[in-house]
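End of the sequence shown = 158 in this note's numbering, gap-free, step of one. Ideal Cβ positions, reconstructed from N, Cα and C, are used throughout, including at glycine. Computed from a predicted model, the values in this text were never measured in an experiment. Report on the structure given below.
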Amino acid sequence: MDTTRTARQFDSSRLEIIGPADCVRLFASVPLGRLVYTHGGLPAVRLVNFVVDDDTIVFSTGQGDKFRAAERGDVVAFEADEVDAERHVGWTVTAIGHLSVVTDDEAAELRRTLALHSWMPMEEPQLVRLGIESVQGRRLVPWGRRPRLC
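Pasting the structure below:
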């Protein structure tokens, strides 16, 4: 039996640093995230429901700004989180990568195999994929489990 444990790491704010594999696992544990992209030269943030497919994030969208960002292959950020306001704990995970439009053939397969359904009614929904190129996360843990400041 392997009894070795990886030491937990904390940043300078005493937030626990979440490793890449756990970040992707946490993404898969929630249904909503925020897509951060550029619209008209300015940042835009949109709430989307999504699923994780291996090391990518897939969501459905109409023919608007998010779809055009995917057609261009824009670099975007994607954030998801979970907070327990009563206990004052939670986590946040952010992925960075390029958007792309899912081909019609692949979209048909993904619709059969993934539990992805847009929460918003739309005509001709398109699937968009975010390839996760970098990911980072932080967790706010209970006070008693945080490292002490020197």
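Rounded C-alpha distance that separates residue i from residue j
i: leucine 148; j: aspartate 30; result: 15 Å
i: aspartate 19; j: isoleucine 25; result: 7 Å
i: arginine 80; j: leucine 107; result: 8 Å
i: aspartate 92; j: serine 21; result: 19 Å
i: aspartate 113; j: glutamate 132; result: 15 Å
Bridge partners - residue i, DSSP secondary structure assignment
i: histidine 47; result: Leu50
i: aspartate 89; result: Thr100
i: glycine 41; result: Val56
Contacting residues, own chain, Cβ-Cβ under 8 Å from residue i (five flanking each side not counted)
i: aspartate 63; result: Val32, Gly139, Ile140
i: valine 110; result: Val66, Leu118, Gln134, Leu135, Val136, Arg137
i: phenylalanine 75; result: Thr69, Val109, Gln134, Val136
Contacts around residue i, its chain only, beta-carbon distance under 6 Å, and the 5 residues preceding and following it disregarded
i: glycine 105; result: Leu138, Gly139, Ile140, Glu141
i: aspartate 73; result: His47
Beta-carbon proximity list for residue i, same chain, < 7 Å, skipping 5 on both sides
i: threonine 100; result: Glu87, Asp89, Gly145, Arg146
i: valine 60; result: Val32, Phe35, Ala36
Range covered by the beta strand (DSSP E) that runs through residue i
i: leucine 160; result: Outside the displayed span of the chain (9 to 158) sits residue 160, for which this structure offers no information.
i: threonine 69; result: 64-69
Candidates the options: closest to residue i by CA position
i: glutamine 102; options: Ala15, Arg16, Gly27; result: First, the residue type needs correcting, since residue 102 is threonine and not glutamine in the sequence shown. Nearest C-alpha to threonine 102: Gly27.
i: leucine 124; options: Phe58, Asp113, His47; result: Phe58
i: glutamine 71; options: Gly48, Met130, Pro150; result: Met130
i: proline 39; options: Pro150, Val143, Ser126; result: Ser126
Limits of the alpha helix (DSSP H) - the one that residue i falls within
i: glutamate 117; result: 112-121
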